[in-house]
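What follows is one structure encoded as C-alpha cells, with my remarks underneath.
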Amino acid sequence: MITPLEVQNQEFKVKFKGYDREEVRHFLYMLAEELQTLLELNRDQSQELSVLRSRLKDMEDRDRILKDTLISAQQIKKEIQENASKEAMLIMREGQLKAETIFESAKKEVDKIGMHLMDLKRQRNDILAEIEMMVTRFAHFIEVERQQAQESDKIHRLLLEKKETKVVVQPPVRNERLVGGS
C-alpha cells in the first residue's frame, strides 16, 4: 500500500519536454492529501466497523441468551404443566381409591347391620314362638285347672248330697302330668 508520504516524496526523472515540475508536485501534494484523508476515513470506518461488529456480536449473544432463556422458560412451563397434570391425576386417583375404600367399608357395615338385623328378627321370632308356646301351655293349664275345679265342685256337691245321705266319697286324685308340664 502506498502511503501519502511516499506520494509526496516521489521523484520523477526530468526529460526534454517533460511535465511541469511544480504542477506535478502540486498534483502529488493534493493526491497525497486526498490519499491521507481517504486513509484516515478508511481507518475511522474500520474502527467504526470493528465497534459495530463487536456490538453486533454482543447483540447476537444477547439474542442467543434471550432465545435460550425463552426456550428454557417454555420447557420449564411445560414441565410444570405436566407435573401439575400428573399431580392432579394422582390426587384424583387417590380420591377415587379413598371413595372406593369408604364405599366398601360402608357396604361391609351395611351387610354387618343387615346380618345383625336378621339375627335380631330370628331372636324375636324365637321369643314370640316361646311366648306363644308358654301362652298355649298356660291356656291348657288354665283349662285343666278349670276342669279340675269343676270336677272338684261336682265332687264337693256330691259329697254334700251324700253327706246328707251319709255316704262318703273320696275326691279324685289330681293328674300331675297335666298340671306340671308337657
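For the sequence shown, position 1 (counting from the first letter as 1) is numbered -14 according to this note's numbering, and the numbering increases by one without interruption. Here a beta-carbon is modelled for each residue, glycine too, at the ideal position from N, C-alpha and C.
query, result
"Buried or exposed: LEU26, going by 16 or more other Cβ atoms within 10 Å of its Cβ?", "exposed"
"Here's a check: name, in chain order, each residue in its chain whose Cβ is nearer than 7 Å to the Cβ of GLY3, leaving out the five neighbours to either side.", "none"
"Could you check the C-alpha separation between ASN110 and PHE123 for me, to the nearest Å?", "19 Å"
"Spatial neighbours of ASP5 within its chain, please: C-beta separation below 8 Å, excluding the five flanking residues on both sides.", "none"
"Find out if the Cβ-Cβ distance for the pair GLN32, PRO(-11) is shorter than 8 Å.", "no"
"Buried or exposed: where does LEU13 fall if 16 or more other Cβ atoms within 10 Å of its Cβ makes it buried?", "buried"
"Buried or exposed: ALA69, going by 16 or more other Cβ atoms within 10 Å of its Cβ?", "exposed"
"So the alpha helix (DSSP H) ASP138 belongs to, where does it begin and stop?", "6 to 150"
"Report back the beta-carbon spacing between VAL(-8) and LEU23 to the nearest angstrom; my notes put them in contact at under 8 Å.", "In fact, because the Cβ distance is near 11 Å, the residues do not count as touching under 8 Å."
"Rounding to the nearest angstrom, what Cα-Cα distance links GLU149 and GLN108 in this structure?", "60 Å"
"Which whole-angstrom value is the C-beta distance of PHE(-3) and VAL9, which I expect to be below 8 Å?", "6 Å"
"Among ASP43, ASN(-6), VAL(-1), which has the Cα closest to the Cα of GLU18?", "ASN(-6)"
"DSSP state of GLN(-5), grouped into three classes?", "coil"
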